[in-house]
Every structure is written in structure tokens, then in C-alpha cells.
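Chains as they are written, first to last, in our numbering: chain A, 1 to 116; chain B, 1001 to 1114. Encoded as C-alpha cells, the structure appears first; notes follow it.
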């Protein structure tokens, strides 16, 4: 059973507009969330993270929102650029996850295409 | 330049052979991880190590083995017992394994079994 879900396999956005990537989780013990960006045949690159004590974290064009009651987080990219085209993975971890604290649980990813 | 290196970038293996994937980091991180990615899938944890000479199985450890003799190195051996070894393998490291330490990834090794 997937604990971290990214229900949209793909998303297409026009350059300059906002990209919104969504992620849902089922484990209420998750308390740290990360977004990674991945190009084909390369390792994921860390983008931004958020702790469960916050509901928003911003870094330049990237903002992550966390709604704990809905077990939902989203990544906003504004304005979107063609270079943002990649697969975006949501990941979660739990400090007290049965001895496996620190292990990340990944979603399946959303492929973002930003068209010029 | 600090970072994580994985070699080789592409690796081909005949069925029935063991193969070892290299992972080295000079970030002075205590924790290291191996993941596997299959098409259309997220990353799945194979093994992790919190400290030198210690490692634990992840979610899909069957058919794999690791060692952690040095802080900067965490090689992964894909054995002939691994039923579907063709995949993209990613190594990562973090300062510690506290649950709030960001993991940083290497460039990956694509293993193809012929």
C-alpha cells in the first residue's frame, strides 16, 4: 500500500504560468517532507523541504504548502520555466518510524513539461 | 568539490554473475543509502547505513549485499539471486539519520542484465 501518492503522472504548463504538483500521504506519523527534481538518467536533486511544524516554506520560485489535516502537500513553481521540465518526486520521513527513522518514502513522481 | 560519485554510469552484466556498484562521498556524511528506480516507479530503499561497519536492510534487500568499511564508501553488490536486477541504482547520503536530514543523491548507475 502506497504511503506517499502522487496521483498525477504528468502535468503540462505554459512558460510563465504557475505549476502545482500535488502529493498525498497516509501515514500521520510523517513529519518531514521533501521535493526532489529528477532529469532522465541523473540522480534526484533536492529542491525544498518542510517540517510538519510549518505549513509553508518558500525558496525563490519554489513554495511548498503542507496541509496536515488533509495529509496533503503541494509544490508551487512560479513562474514556470522550460528548464523546470523534469520528474518531481515527493518524499516523506518519520523520526520514529519503527526504527527506520530517517528513511524516505517516495511517491512515483509527476512529470512536468513546461512549454515555451 | 564535495559530492557523491557513482561508477560506472552504465553497467552490463550477464545473467548469473554478481556485480558491484561503487558509491563514494566526500561530504563527511555518516548515513548512506541505496535505492533502486524502475520505470514509472518511485525510489525504493535497498539498504542503508547509519555508521561505519553497520548497515540495515531496506524494503527490497533480497538479492543484494552491501559493506561499509569506510565512512566515504558504500558499495552495493547485485547478486545472481536478484530476480530482476535491470534498473537504475541510486546512492544517497545524509549528515545523519535523524528523520530531518536531507538526503543528497549521486548521478546513478544503470545496470542492464543481458
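The beta-carbon is built from N, C-alpha and C at its ideal position, and this holds for glycine as well. These numbers were taken from a predicted model, which means no experiment stands behind them.
- Residue-level contact check: residue 46 of chain A touches chain B, since one or more beta carbons of chain B fall below 9 Å from its beta carbon.
- Three or more pairs of CB atoms, one per stretch, sit closer than 8 Å, so the segment 102 to 115 of chain A contacts the segment 82 to 94 of chain A.
- Taken in chain order, no unbroken stretch of alpha helix (DSSP H) lies wholly in the segment 1026 to 1059 of chain B with a span of 4 residues or more.
- Using a Cβ-Cβ cut-off of 7 Å, residue 1105 of chain B is close to 43 and 44 of chain A, given in chain order.
- Excluding its 5 nearest sequence neighbours in each direction, residue 1057 of chain B has C-beta neighbours in its own chain below 7 Å: 1047, listed in chain order.
- In terms of CA proximity to residue 1085 of chain B, B:1015 leads the group B:1104, B:1010, B:1007 and B:1015.
- In the displayed model, residue 24 of chain A falls within a strand according to three-state DSSP.
- In this structure, the beta-carbon distance from residue 1090 of chain B to residue 1012 of chain B does not fall below 9 Å.
- Under the Cβ criterion (8 Å, minimum of three pairs), the segment 1064 to 1076 of chain B does not count as touching the segment 10 to 27 of chain A.
- Between residue 63 of chain A and residue 71 of chain A, the C-beta spacing is not below 9 Å.
- Under the DSSP definition of a beta bridge, residue 5 of chain A partners with A:24.
- Secondary structure note for residue 1083 of chain B: it is in no beta strand (DSSP E), with a DSSP letter that is neither H nor E.
- Shown in chain order are the members of the segment 17 to 46 of chain A whose Cβ falls below 9 Å from a Cβ of chain B: 31, 32, 34, 36, 38, 41, 42, 43, 44, 45 and 46.
- Within chain A, 108 have C-beta atoms less than 7 Å from the C-beta of residue 1041 of chain B, given in sequence order.
- Given a length threshold of 3 residues, each whole run of the beta strand (DSSP E) inside the segment 34 to 110 of chain A is given here in chain order: 45 to 51, 56 to 59, 62 to 67, 72 to 77 and 86 to 93.
- Residue-level contact check: residue 64 of chain A does not touch chain B, since none of the beta carbons of chain B fall below 9 Å from its beta carbon.
- Contacts with chain B at 9 Å (Cβ-Cβ) do not include residue 86 of chain A.
- Secondary structure at residue 1004 of chain B: strand, using DSSP grouped into helix, strand and coil.
- Scanning A:52, A:105, A:69 and A:76 for the CA closest to the CA of residue 60 of chain A turns up A:76.
- For residue 1018 of chain B, same chain residues with a beta-carbon under 8 Å away, outside a window of 5 residues either side, are 1077, 1078, 1079 and 1080 in chain order.
- Here residue 41 of chain A is exposed. Its C-beta has fewer than 16 other C-beta atoms within 10 Å.
- At a cut-off of 9 Å, the C-beta of residue 49 of chain A has a neighbouring C-beta in chain B.
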